[in-house]
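If you read the sequence shown in the numbering used here, its first letter stands for residue 633, the second for the next number, and so on.
All C-beta atoms in this analysis are idealised placements derived from N, C-alpha and C, irrespective of residue type, glycine included.
Contents: one structure, followed by commentary.
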Amino acid sequence: MGKLTIGCFSSLVGSMTLDFAVKLAETAVKKGHEVDLWLSGNGVMLGKTRQSKFRDYSYLAGTVQELIKTGKFQICNCEACAKA
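This is the structure we're talking about:
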């Protein structure tokens, strides 16, 4: 199988960019591919622990945790964005 690298430059709350990137990664992993996901901007918040679920917003932390458990998925944050 192949390897897919996704760079996600998500913007403010309400952007579906991060949702799309995680769904694409999930589909690729289910088909047997490896995926590297690089996050920038507001997307780095996905790497924070103890995320809260909000009623009208998607919750991606659970999906990402399951993807990591497969051993075929890695996630990395932009260092500058994560420190900001």
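- Query: Candidates 666, 648 and 656: which alpha carbon is nearest residue 706's?
  - Reply: Within the sequence shown, numbered from 1, the residue matching residue 706 stands at position 74. Cα-wise, what sits closest to residue 706 is 666.
- Task: Using 10 angstroms around the beta-carbon of residue 657, count the other beta-carbons present and answer buried if the total reaches 16, otherwise exposed.
- Result: Here residue 657 refers to the residue found at position 25 of the sequence shown. So residue 657 ends up on the buried side.
- Query: CB residue 661 to CB residue 702, shorter than 7 Å?
  - Reply: One-based indexing of the sequence shown puts residue 661 at position 29. One-based indexing of the sequence shown puts residue 702 at position 70. Yes, they are a contact pair.
- Message: Just verifying my parser: in three-state terms, what is the DSSP assignment at residue 673?
- Response: For the purposes of this step, residue 673 is taken as the residue at position 41 of the sequence shown. Strand, per DSSP.
- When DSSP labels each residue in this structure, what does residue 635 get in the three-state scheme? Start at 1 with the first residue of the sequence shown, and residue 635 comes out as number 3. Correct three-state label for residue 635: strand.
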